[in-house]
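Note that the sequence shown covers residues 47 to 527 in full-length UniProt numbering.
Where a beta carbon is used, it is the ideal one built from N, C-alpha and C, also for glycine.
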Amino acid sequence: FSSVATTVQRNPLFSSINSDDISYFKDILGDRGVVQDELALVAANTDWMHKYKGSSKLLLQPRSTEEVSQILKYCNSRSLAVVPQGGNTGLVGGSVPVFDEVIINLGSMNKILSFDKVSGILVCEAGCILENLITFLDIQGFIMPLDLGAKGSCQIGGNVSTNAGGLRLLRYGSLHGSVLGLEAVLANGTVLDMLGTLRKDNTGYDLKHLFIGSEGSLGIVTKVSILTPPKLSSVNTAFLACNDYASCQNLLLEAKKKLGEILSAFEFLDSDAMGLVLKHLDGVRNPLPPSVHNFYILIETTGSNESFDRENLEAFLLHSVESGLVTDGVLAQDINQASSFWHIREGLPEALMKAGAVYKYDLSLPLEKMYDLVEEMRAQLDPKAKVVAYGHLGDGNLHLNISAPEYDDKILAKIEPFVYEWTSKNRGSISAEHGLGLMKANKIHYSKSPETVQLMFSIKKLLDPNGILNPYKVLPSTLFS
Ligand code: FAD
Ligand code: 2HG
Ligand code: ZN
């Protein structure tokens, strides 16, 4: 997939790795932390979608903040560009090098540092895998305030750096709310200790927010302090069918009104998305056979009163069927059935990968307009390019995916700039949750004013004057030339 990479040029001000650099890194990290093995490098250079490939010859694996600081200080003085990398599950080409940038993977910094049961505050290193944190907390009777399909590989540092949204944002809000503090290392090696564990702290500018969602372009996140909610005893999951998009919207409104305090997820997929999962994921069956429905909704409630919560959801479902909003539905009878519903929704990115080439868009749009875009897109594409729509409906976040047998510039020309212009015209966001990365660095103007982008660039210049941190990503390349 060359058309993305060829639009940017390697910055000639950056140096290339030499044998003195390798010796220096071995001195500070030991042999174990300096990886030049070809297979490991292929994996670290390639993104999850196999769409973006760099050609870095060096992967570093620091074990402490001090090591990260020493690496960055050295790279800054030598003008060696770097890519911070977590679980490498990012979907916008942000986590892999574009050229020969040094990859700094945080996976070896994976210690849980403290957990306070009374406050629910967890402090850990950035390389902790999300699923490991979920498992750790489960034993303590708590949950992470975020959950996503990539939980088995993504790291909390990567989550924070992308401000990942996911399946629980509707209930627990974004990481700008639940991350209470963090530690980050700047390009020149300065360690910023902002690892507070306080709910309230209005002493000056809250700089941690600069690092939440800045995709490794302002610093490397090394530690995180995060507020976790208690695990509640009653979780119910329903899988429903709606005839049309208007019903999906009305169902959301009703769910907010009638299930307000227990609603914890409201996800949707259309019939093309369901078709794709059924075709490409093993062992999945449609919970609402035999007919194909136009839309499917996954609702989850989480509360503390088992009989009341269940009755509440049952009454809601009955009413939704009687009023015609829902045409069919099933309430999970046990945890296995609930996870089979979640598997359909969470398995979509993987099913798309198996289906062939995929053009991925992650949009925030006004709810009432959201599905118009899907229909317009379908009308203008050849049917061999399947338009697949799903997402976090409860958050106004559409995942618009176009699945084709192979990458084809003619298809791309029909999608872009149409999708971006449509989103901008409707005052949406061209990146609801995945970030800009390499894919959308030059598209930021569709969602941000020139003055805002200029201020972002000034901040970038201040924190990383040599531009070594994740170059070619997030901000338009024209600003740097
Ligand atoms: P990486 O992919 O390694 O990196 C992502 C970005 O963060 C890069 O720019 C990288 O340079 C930077 N970075 C990583 N670690 C650090 C660090 N310690 N310090 C500074 N910068 C760093 N996203 C959502 O928002 N919601 C979803 O529901 C969701 N579901 C997904 C499901 C699947 C199956 C997949 C493959 C991806 C999904 N994603 C989702 C996208 C992705 O953003 C998240 O998976 C995750 O937040 C990325 O974490 P990671 O550790 O893999 O980071
Ligand atoms: C999800 O919600 C992820 O499943 C991935 O954010 C979205 O595949 C996508 O487009
Ligand atoms: Zn998502």
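The DSSP-derived three-state label of phenylalanine 182 is helix. Distance from the CA atom of arginine 424 to the CA atom of tyrosine 407, rounded to whole angstroms, is 14 Å. For histidine 445, the shortest C-beta to heavy atom distance toward the ligand 2HG is below 6 Å. Checking the 6 Å criterion, the Cβ of histidine 222 is out of range of every heavy atom belonging to the ligand FAD.
Per DSSP, the beta bridge partners of alanine 450 are Ala403. Per DSSP, the unbroken alpha helix (DSSP H) holding tyrosine 218 starts and ends at 215-218. Counting every other CB atom within 10 Å of its CB across the protein chains shown gives glutamine 116 a total of 16 or more, marking it as buried. Separation of alanine 127 and valine 148 (C-alpha to C-alpha, rounded to the nearest whole angstrom) is 6 Å. Beta-bridge partners assigned by DSSP to histidine 222: none are found. With a beta-carbon spacing of about 15 Å, glycine 440 and phenylalanine 285 fall beyond the 8 Å limit used to define contacts. In the structure shown, the three-state DSSP call for serine 386 is helix.
The residues Phe161 and Lys163, in chain order, have a CB closer than 8 Å to that of glutamine 186 in the same chain once the five nearest residues on each side in sequence are set aside. Of the candidates Leu168, Asn282, Gly132 and Glu112, Glu112 places its Cα closest to the Cα of leucine 238. With three or more CB-CB distances shorter than 8 Å, the segment 313-327 counts as touching the segment 437-451.
When secondary structure is reduced to three states using DSSP, alanine 425 falls in the helix class. Lysine 157 and asparagine 516 have their C-alpha atoms roughly 25 Å apart. Proximity of the segment 484-499 to the segment 119-139 meets the contact definition, three or more beta-carbon pairs being nearer than 8 Å.
A distance criterion of 6 Å places the beta-carbon of threonine 111 beyond contact range of the ligand FAD, judged by its closest non-hydrogen atom.
Secondary structure note for alanine 90: it is in no beta strand (DSSP E), and the uninterrupted alpha helix (DSSP H) holding it is 84-91. According to DSSP, glutamine 131 shares a beta bridge with Asn151.
Counting along the chain, tyrosine 70 sits inside the alpha helix (DSSP H) bounded by residues 65-75. The beta-carbon separation of leucine 241 and glycine 227, rounded to 4 Å, stays under the 8 Å limit for a contact. Taking 6 Å as the cut-off, the C-beta of histidine 480 counts as close to a heavy atom of the ligand FAD.
Counting the other Cβ atoms within 10 Å of the Cβ of serine 260 gives 16 or more, which makes it buried. Looking at the DSSP output, methionine 240 bridges to Leu228. Distance between leucine 305 and leucine 359, taken at the CA atoms: about 7 Å. Here proline 335 is exposed. Its C-beta has fewer than 16 other C-beta atoms within 10 Å. Residue state for glutamate 497 is assigned as helix, using DSSP reduced to three classes. DSSP lists Ile158 and Val270 as the bridge partner or partners of cysteine 170. Within 10 angstroms of the beta-carbon of glutamate 368 lie fewer than 16 other beta-carbons, which makes it exposed.
Here DSSP, grouped into helix, strand and coil, assigns leucine 176 to helix.
Proximity of the segment 411-420 to the segment 272-289 falls short of the contact definition, fewer than three beta-carbon pairs being nearer than 8 Å. Taken through DSSP and simplified to helix, strand or coil, serine 279 comes out as coil.
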